[in-house]
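J.: Structure in structure tokens, see below.
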Amino acid sequence: MNRRFACAVNPRMGMERDYELTPAKDNLSVLVVGAGPGGITAAITAAERGFEVELWEKSNRLGGALVAAGAPKFKEAMAKYVDYLRIQLFKSNVTVRFNKTAAAEEILKKKPDAVIIAGGAKPIIPQIPGMEKIHVLEATQILVQGNCPGNKIVVLGGGLVGCEAALHLYYLGKNVTIVEKLDDILLTAEHATNNDLALRHLLAG
């Protein structure tokens with residue numbers, strides 16, 4: 442088949458021999474910026490190797506974009522993974538600082554031996570007149586807040602996030618329309634096939 446198996450939450454799956462955790466030779470300090478899934482995993486891994494690790498998060502919560510990803514009722518497994526990361530983090534020797542902005546002068550003042558930037562992804566906002574109006578929201582805002590005003594909702598973009606937001610709003614009793622410039626939904630990223638099929642089934646229902 443010549444196909445590689447991959448896991449969304451375990452990058453070492455299938456390559457354990459290639460990526461063994463080796464103990465740190467020196468007691469060096471590592472600063473991780475961003476407490477999303479990547480930042481948390483990097484911090485825990487560095488601590489397991491014996492580094493002195495500090496994790497900075499600009500907000501007052503852990504999880505980054507996974508908080509929104511695990512918000513819909515049909516994504517409970519994702520929410521449980523966020524809880525798992527939080528538990529593992531607080532079991533580790535990582536020092537966590539909330540509401541901490543990683544300004545250059547702050548990092549220089551800290552003087553870490555290494556810095557890992559895990560700022561996460563940012564949504565693409567189309568340049569459409571009226572996007573600044575109060576009734577225009579990002580999908581992640583709706584997922585985190587749990588709801589949005591109004592009953593007739595148009596979702597721009599039929600990618601994974603757009604479809605999940607649309608389905609979430611549908612379950613809340615909204616009249617939802619997805620607008621996608623491509624020929625079909627769920628074409629803009631490489632997703633797990635079973636996840637796409639499940640999402641299509643829910644949308645069709």
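Residue numbers (the working numbering): 442 to 646.
Backbone N, C-alpha and C fix where the C-beta goes; we use that ideal spot for every residue, glycine too.
Take the Cβ of Gly479 as the centre, count every other Cβ of all protein chains shown within 10 Å, and call the residue buried at 16 or more, exposed below.
T.: buried
J.: Figure out for me which residue from Thr486, Pro590, Asn451 has the closest Cα to the Cα of Ala465.
T.: Thr486
J.: Is it buried or exposed for Phe531, if we count other Cβ within 10 angstroms and need 16 for buried?
T.: exposed
J.: What is the DSSP secondary structure of Val535, counted as helix, strand or coil?
T.: coil
J.: For Val523, which residues in the same chain have their Cβ closer than 7 Å to its Cβ, ignoring the five residues on either side in sequence?
T.: Gly504, Leu507, Val508, Gly511
J.: Which stretch, first to last residue, makes up the alpha helix (DSSP H) that contains Lys551?
T.: 545 to 551
J.: Look at Ala606 and Ile619 and say whether their C-beta atoms are less than 7 Å apart.
T.: No.
J.: Would you mind sorting Lys513 into buried or exposed? The rule is 16 or more other CB atoms within 10 Å of its CB.
T.: Here the sequence assigns Pro to residue 513, which means Lys is not the residue at that position. Buried: at least 16 other Cβ atoms inside 10 Å.
J.: What residue does the alpha helix (DSSP H) around Glu605 start on, and which one ends it?
T.: 601 to 612
J.: Going by DSSP, name the residue or residues bridged to Ile558.
T.: Val474
J.: Under the assumption that Asn501 contacts Phe446 (Cβ atoms under 8 Å), give the Cβ distance between them as a whole number of angstroms.
T.: About 37 Å; that fails the 8 Å criterion.
J.: Tell me the DSSP secondary structure of Thr486 in three-state form.
T.: helix
J.: Less than 7 Å separating the beta-carbons of Leu496 and Val471?
T.: Not a contact, by the Cβ cut-off of 7 Å.
J.: Considering only the alpha carbon of each residue, which of Gln568, Asp624, Pro590, Glu621 lies closest to Leu613?
T.: Pro590
J.: Residues bridged to Thr581 by DSSP?
T.: The partner list for Thr581 (beta bridge, DSSP) is empty, contrary to what the question assumes.
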